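In what follows, a structure is listed as structure tokens, so that the remarks can point back to it.
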Amino acid sequence: MHGFPITPAQSGIFFRQQFDLHDPRFNLAQLTEIIGPLDVDVLQAALRQTVHEAEGMRVRLLVTDGLPRQIVPDEPLHFTLRVVDVSDAPDPLEAIDRDVQTALATAFDLGHWPLFDAQLFQASPTRFFFFQRIHHVAFDGFSFLLFTQRLAAVYSALIEGHDPAPSGWAPLANLLDNDAAYRASGAFESDRQFWQEYMEDCPEPVILSACMAPERASGCIRPPGPKTTHGTP
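The numbering of the sequence shown is the working numbering, which starts it at -6 and goes up by one.
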């Protein structure tokens, strides 16, 4: 098991989620229509392999003394793809949309693992919809696109009976090292200076503790003091 600190960007997402544990705004999701025959068992195998390759998909958050760290377990994640047959529904697409909207409106529990979910809807023998959802603290939109492309490549290779090409995913530690190097560089200071000057005439940022109702913050980590500072977005 490998443990790492979270990045400043992840920290902002994590602590914002604490103000409202039921807020689904940090859901990243994708619904992909698949036309043609589909081998569900092979898709399951491809999904497990791709999840194992991408450490961000296996991140687990552990909180000690109020501060989170991200953990990448050594053991593989035996994720089971849920398959829902909606072909007998009066309107299969409406049934899919209803389930998807429910998922989009549901926040992930950051204390549980994994921080992603996937579901396969079957609308007919040759029409499927593959739904993926992950918390933004683990992935961003571009990474999500790369993950889906890699999943399709692994599935195609397995269907054709050969090993997939090597994955291009780098270890999570590399990403954190690159982020730390950037923040210690002159480029970071130049970027900070640019944004400070660009936003100099903007109004002061809204302070969450002043705008959120007490009942919404109940049971959550309280914000620090009212003072805020500008930084690189």
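For glycine and all other residues, C-beta sits at the position ideal for the given N, C-alpha and C. Model, not experiment: these values are computed from the prediction.
Unbroken alpha helix (DSSP H) run spanning residue i, endpoints
{"i": "Ser117", "result": "Ser117 -> not in any alpha helix (DSSP H); beta strand (DSSP E) instead, spanning 109 to 117."}
{"i": "Glu46", "result": "33 to 46"}
{"i": "Gly179", "result": "179 to 191"}
{"i": "Asp170", "result": "165 to 176"}
{"i": "Leu14", "result": "Careful: Leu14 lies outside any alpha helix (DSSP H) and carries neither H nor E."}
{"i": "Thr99", "result": "It is not in any alpha helix (DSSP H) - Thr99 carries neither H nor E in the DSSP assignment."}
{"i": "Phe135", "result": "134 to 153"}
Cβ-Cβ distance between residue i and residue j below 7 Å
{"i": "Leu60", "j": "Tyr148", "result": "no"}
{"i": "Leu74", "j": "Ala111", "result": "yes"}
{"i": "Ile(-1)", "j": "His129", "result": "no"}
{"i": "Leu24", "j": "Phe181", "result": "no"}
{"i": "Ala2", "j": "Arg126", "result": "no"}
{"i": "Ala228", "j": "Asp16", "result": "Examination of residue 228 is not possible in this model, given that the chain is present from -6 through 226 alone."}
{"i": "Leu165", "j": "Val65", "result": "yes"}
Integer Cβ distance of residue i from residue j, believed to fall under 8 Å
{"i": "Gly49", "j": "Phe132", "result": "5 Å"}
{"i": "Ile89", "j": "Phe114", "result": "5 Å"}
{"i": "Phe72", "j": "Arg91", "result": "Not confirmed; about 24 Å, so no contact."}
{"i": "Phe140", "j": "Ala47", "result": "6 Å"}
{"i": "Leu70", "j": "Val44", "result": "6 Å"}
{"i": "Gly29", "j": "Thr119", "result": "6 Å"}
{"i": "Pro107", "j": "Arg51", "result": "7 Å"}
{"i": "Ala150", "j": "Asp156", "result": "7 Å"}
One or two residues paired with residue i in a DSSP bridge
{"i": "Glu26", "result": "Phe122"}
{"i": "Arg75", "result": "Gln112"}
{"i": "Leu21", "result": "Ile127"}
{"i": "Phe(-3)", "result": "Gln63"}
Residue i burial status per 10 Å Cβ neighbour count (16 or more: buried)
{"i": "Ala173", "result": "exposed"}
{"i": "Ala158", "result": "exposed"}
{"i": "Gly(-4)", "result": "exposed"}
{"i": "Val56", "result": "exposed"}
{"i": "Leu54", "result": "buried"}
{"i": "Val79", "result": "buried"}
{"i": "Phe135", "result": "exposed"}
{"i": "Ala116", "result": "buried"}
{"i": "Gln189", "result": "exposed"}
{"i": "Arg143", "result": "buried"}
{"i": "Leu103", "result": "buried"}
{"i": "Gln10", "result": "buried"}
Host beta strand (DSSP E) of residue i (start-end)
{"i": "Ile64", "result": "60 to 65"}
{"i": "Leu55", "result": "53 to 57"}
{"i": "Gly49", "result": "Run containing Gly49: none; DSSP gives neither H nor E here."}
Any C-beta of chain B under 7 Å from that of residue i
{"i": "Ala173", "result": "In the structure shown, chain B does not exist; there is a single protein chain."}
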